[in-house]
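Engineer:
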Amino acid sequence: MYLDIDSLIPAKLDSFISPNDSAVIALEGNQRCYVQYALFYEAGHPFLEKALAHIIENLKHNKYPFDVHLMTGPTAYTKGIQEALRSAPSTSYKQLGTDYEKKVMFSYPMSKTVLYGFRRKNHWRTLAESTPVLKAEEEFELA
């Protein structure tokens, strides 16, 4: 299980995760990407393996230098899930309704202010206009 620092789970986990669930996913409200602010997987699940492989390729080739959403975010994660389902349609998972049917909350009141300040100068969308996703090559090397 993974949960963003500015997200929370107001529901009991067993109200939406069963002991036999190997993965629980949901689409975001925009219906284009799968939720990435909360992840519920057993170790080694094919969705995570494909998503990580996709993200590593993006990073190795610096495919989207100013777009963290495409490089490592929900778009990359969603492509990994889609690739896994194309290659193995019988992969075990449970899909809940939009945004985990409100059993998981994307952010709690004031969380964005705590993280980014009142003017949100450090919000990822603002930083993406001038700050590359990766550091300069001499500062960062991907194995």
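If you count the sequence shown from 1, you need to add 223 to reach this note's numbering. Positions of the beta carbon are idealized from the N, C-alpha and C atoms, including for glycine.
(1) Any idea what DSSP makes of Glu361, helix, strand or coil?
(2) If you follow the beta strand (DSSP E) that Phe263 is in, where does it begin and where does it stop?
(3) Got a sec? Which residues, its chain only, sit under 6 Å from Asp237 by beta carbon, not counting five neighbours each side?
(4) Since Ala276 contacts Tyr264 with CB under 8 Å, what's their CB separation in whole angstroms?
(5) Counting only the same chain and skipping the five closest in sequence on each side, list residues whose C-beta sits under 8 Å from that of Ser416.
(6) Looking only at its chain, what residues have a beta carbon closer than 6 Å to the beta carbon of Glu251, apart from the 5 residues adjacent to it on each side?
(7) So, helix, strand or coil for Gln305, using DSSP?
(8) Give me the Cα-Cα distance between Thr298 and Leu231, rounded to the nearest whole angstrom.
(9) Could you check what DSSP says for Ile248 in three-state terms: helix, strand or coil?
(10) Roughly how far, in whole angstroms, is the beta-carbon of Val356 from the beta-carbon of Tyr287, given that I think they are within contact range, below 8 Å?
(11) Where Met328 and Pro269 are concerned, what is the direct C-alpha to C-alpha distance, given to the nearest angstrom?
(12) Is Lys358 buried or exposed, if buried means 16 or more other CB atoms sit within 10 Å of its CB?
Structural biologist: So, from the listed chains and residues:
(1) The residue given as residue 361 occupies position 138 in the sequence shown. The predicted model places Glu361 with a pLDDT of 48, which falls under 50 and marks its position as unreliable; any figure quoted below should be read in that light. Coil.
(2) Within the sequence shown, residue 263 is the residue found at index 40, counting from 1. Ala261 to Tyr264 is the span of the beta strand (DSSP E), which, as asked, contains Phe263.
(3) Looking up residue 237 in the sequence shown gives position 14. If you ignore the 5 residues before and after Asp237, its C-beta comes within less than 6 Å of no other C-beta in its own chain.
(4) The residue given as residue 276 occupies position 53 in the sequence shown. The residue given as residue 264 occupies position 41 in the sequence shown. Here Ala276 is actually not in contact with Tyr264; their C-beta atoms are around 15 Å apart, not less than 8 Å.
(5) Given a span of 224 to 366 for the chain in the structure shown, any question on residue 416 remains unanswerable.
(6) Numbered from 1 along the sequence shown, position 28 holds the residue referred to as residue 251. Only Val258 meet the Cβ criterion.
(7) As a position in the sequence shown, residue 305 is number 82, starting the count at 1. Gln305 falls in the helix class under three-state DSSP.
(8) Against the sequence shown, residue 298 aligns to sequence position 75. Against the sequence shown, residue 231 aligns to sequence position 8. One alpha carbon belongs to Thr298, the other to Leu231, and they sit about 22 Å apart.
(9) Residue 248 sits at position 25 when you count from the first residue of the sequence shown. Three-state DSSP puts Ile248 in a strand.
(10) Working through the sequence shown from its first residue, we reach residue 356 at position 133. Working through the sequence shown from its first residue, we reach residue 287 at position 64. Confirmed, about 7 Å.
(11) For the purposes of this step, residue 328 is taken as the residue at position 105 of the sequence shown. For the purposes of this step, residue 269 is taken as the residue at position 46 of the sequence shown. Straight through space, the alpha carbons of Pro269 and Met328 are spaced by roughly 25 Å.
(12) The residue given as residue 358 occupies position 135 in the sequence shown. Exposed is the call here.
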